[in-house]
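Accompanying notes for the structure given below.
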Amino acid sequence: MEYGTMALENAYRQALPASQALFERAQQVFPDGVTHDNRRMQPFPVFVERADGAYKWDVDGRQYIDYWMGHGALIMGHNPPHVRDAVIEQAARGTHYGANHPLEVTWAEWVCKLVPCAEHVRFTASGTESTHMALRLARAYTGKRRVIKFAGHFHGWHEGLEVGVQTPYETAPEPGQMQEAVDAVALCPPNDIAAVRQALAAGDVAAIILEPTGGHFGTVPLAEGFLRLLREEASRAGVVLIFDEVVTGFRVAPGGAQALYGVTPDLSTFAKILAGGLPGGAVAGRADLFTYLATPTAAEAGKRAKIHHPGTFNANPLSAAAGVAMLSSLADGAATRRANEQAAKLRYGMNDILARAQVSWKVYGQHSDWKLFYGADSPPRHGDDQRVDDIPWQRLDGKFPQQSRALRQALILEGVDFNGARALVGTCHTDEVVTDTLTAFARAVQTVKAEGLA
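In terms of this note's numbering, the sequence shown has 134 at position 115, counting the first letter as 1, and numbering is strictly consecutive.
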């Protein structure tokens with residue numbers, strides 16, 4: 020489909036009347052009419068009623084190839100039979116025991132088997148809870164307060180780490196966020212080891228935390244060797260190195276980024292794929308750090324206190340069933356390799372389309388993903404032209420709302436959905452799905468050109 024100027028949004032509205040009607044209802048009960056900031060979309064979002072494999076269907080009956088993949092929680096697509104069957108079987112046994120159960124032990128054993136740093140594990144209900152717990156453990160262990168994080172890296176929405184996530188990387192408190200929480204964060208530019216060393220020199224740092232492929236799953240990729248430098252500096256300074264593997268865990272390798280790159284942190288946080296697409300998170304790492312979650316022995320009485328950590332849905336049986344089914348099926352690495360291969364085909368094909376269309380965007384990525392940079396100086400020269408390390412990080416991490424909105428609308432009308440900037444790929448994205456995606460992408464690019472935005 021091709022549209023003239025201002026026609027794209029009208030076509031979007033006409034194609035999705037049931038979603039528009041639901042959005043009008045949602046605005047009466049939700050702020051912005053949504054339940055997650057990233058689900059906002061102008062003029063209104065798509066409302067989905069079912070999904071299977073690489074596809075999802077909206078309330079208007081339209082089918083989409085899906086590249087949200089559950090915000091990264093899915094690598095084998097929607098509703099993989101072995102995970103679905105495990106959840107159904109467990110649901111028949113009970114959904115919430117309020118007690119210890121066998122599956123939580125098996126689930127933790129799989130984490131320890133796959134993840135290099137994992138000596139002990141603590142389950143939580145989300146990735147945000149996991150990074151919150153990791154900070155508590157680091158501060159308890161070191162007796163220090165500040166944490167080093169990197170601009171553009173996201174570690175959940177709790178006030179301890181919701182600093183400098185989005186451009187312009189503000190360090191002022193958000194509404195309701197305490198100034199003391201912001202002051203406890205040393206915000207460093209990505210890939211800047213000199214800034215890290217300067218922050219460590221103060222002697223008050225408890226931890227360094229980062230996404231180990233770069234902020235927003237490698238939107239600004241980490242420089243080669245940077246993880247190893249951080250490991251050296253953290254060890255030298257006696258601070259806790261934390262890898263936030265909520266997205267990368269069990270996706271970039273069965274053991275996460277730490278296994279892929281051969282750099283072992285002290286603690287790691289997980290969610291998403293960990294729980295097989297259901298809610299669930301975890302902290303894993305060195306056993307000595309986890310002593311602060313254990314009740315002090317008689318010999319330790321008066322020498323250390325315990326971190327209080329309840330949690331109604333910690334290691335919920337349904338999430339544990341899905342997690343065991345998923346992790347056991349990822350252990351041989353075949354799913355990771357397949358998802359990476361399909362993502363590489365998409366990146367190559369999309370850049371080839373952009374080169375032919377003479378559009379100055381660039382598609383890039385490292386693993387089972389593709390990302391769109393709308394601010395390139397010139398079109399890609401060919402499909403393999405995916406280099407972005409020569410682009411200033413602030414620009415690479417920048418927002419291009421008009422272009423991303425238009426492309427997302429155009430792709431939705433062509434039967435493909437992603438978030439406008441980044442996409443996740445799974446084993447469900449077969450060669451046929453890849454071909455259909457590239458056909459839709461080529462048409463959508465022409466639509467955005469007709470709108471004067473490419």
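C-beta: ideal position from N, C-alpha, C; glycine also.
Exposure of residue i, with buried meaning 16 or more beta-carbon neighbours within 10 Å
i      : result
Pro336 : buried
Gly299 : buried
Thr355 : buried
Phe269 : buried
Asp436 : buried
Val48  : exposed
His401 : exposed
Asn57  : exposed
Glu123 : buried
Tyr116 : exposed
Gly471 : exposed
Met369 : buried
Ser423 : buried
His448 : buried
Gly113 : exposed
His327 : exposed
Lys418 : exposed
Asp77  : buried
Ser397 : exposed
Ser254 : exposed
Arg357 : buried
Thr24  : For Thr24, the predicted model reports a pLDDT of 48, less than 50, meaning its position is unreliable and no value from the coordinates is stated.
Tyr31  : buried
Arg250 : buried
Lys75  : buried
Gln33  : exposed
Contact under 8 Å by Cβ, residue i with residue j
i      : j      : result
Thr238 : Leu432 : no
Met95  : Thr446 : yes
Ala92  : Gly296 : yes
Asp51  : Arg59  : yes
Asp71  : Asn29  : no
Leu312 : Trp129 : no
Gly179 : Ala200 : yes
Lys381 : Gln413 : no
Ala459 : Leu430 : yes
Ala334 : Trp126 : yes
Thr186 : Phe236 : no
Asp409 : Pro240 : no
Ala306 : His120 : no
Pro273 : Leu426 : no
Ala301 : Phe142 : yes
Thr161 : Ala225 : yes
Boundaries (first-last residue) of the alpha helix (DSSP H) holding residue i
i      : result
Ala442 : Where Ala442 is concerned, there is no enclosing alpha helix (DSSP H), although the beta strand (DSSP E) it sits in stretches over Arg441 to Leu443.
Glu252 : Phe245 to Ala256
Arg216 : Ile212 to Leu219
Gln547 : No statement about residue 547 is possible, as the shown extent of the chain runs from 20 to 473 and does not include it.
Tyr280 : Gly275 to Tyr280
Asp371 : Ala353 to Ala376
Ile107 : Pro100 to Arg112
Ser338 : Pro336 to Leu349
Thr150 : Gly146 to Thr161
Phe66  : Taken as a continuous stretch (DSSP letters only), Phe66 belongs to no alpha helix (DSSP H), as it is neither H nor E.
Thr125 : Pro121 to Leu133
Ser38  : Pro36 to Ala45
Presumed contact (8 Å Cβ cut-off) between residue i and residue j, rounded CB distance
i      : j      : result
Phe245 : Asn210 : 6 Å
Gly330 : Ala144 : 6 Å
Gln475 : Glu181 : Nothing about residue 475 can be read from this structure; the chain reaches only from 20 to 473.
Glu137 : Gly304 : The sequence shown places Ala at residue 137, rather than the Glu named in the question. That belief holds up - the Cβ atoms of Ala137 and Gly304 are roughly 7 Å apart, short of 8 Å.
Ala294 : Ser338 : 4 Å
Ala118 : Arg165 : 39 Å between Cβ atoms; not a contact.
Leu206 : Lys168 : 6 Å
Range covered by the beta strand (DSSP E) that runs through residue i
i      : result
Tyr383 : Lys381 to Tyr383
Gln422 : Premise fails: Gln422 lies in the alpha helix (DSSP H), Pro420 to Leu432, not in any beta strand (DSSP E).
Cys207 : Val204 to Cys207
Arg141 : His139 to Thr143
Val302 : Gly300 to Gly304
Lys270 : Note on identity: in this sequence residue 270 is Arg, with Lys being the wrong assignment. No beta strand (DSSP E) holds Arg270; DSSP gives it neither H nor E.
Ile227 : Val224 to Leu229
Thr316 : Segment: none, Thr316 is in no beta strand (DSSP E) and carries neither H nor E.
Phe169 : Arg165 to Phe169
Leu308 : Run containing Leu308: none; DSSP gives neither H nor E here.
Thr238 : Per DSSP, Thr238 belongs to no beta strand (DSSP E) and is neither H nor E.
Phe262 : Val259 to Asp263
TODO: Spell out a yes or no on whether the region 356-367 and the region 380-392 are touching, meaning 3 or more CB-CB pairs, one atom from each, closer than 8 Å.
DONE: Segments in contact, yes.
Open item on the list: Is it the case that the region 225-237 contacts the region 260-275, given that we only count it when at least three CB pairs across the two stretches are under 8 Å?
Closed with: Result yes; three or more Cβ-Cβ pairs closer than 8 Å.
Open item on the list: Closer than 8 Å is the cut-off here; do at least three beta carbon pairs connect the region 103-115 with the region 268-285?
Closed with: Flag = no, the region 103-115 and the region 268-285 do not touch.
Open item on the list: For the structure I just gave you, are there three or more beta carbon pairs, one from the region 70-86 and one from the region 280-291, closer than 8 Å?
Closed with: no
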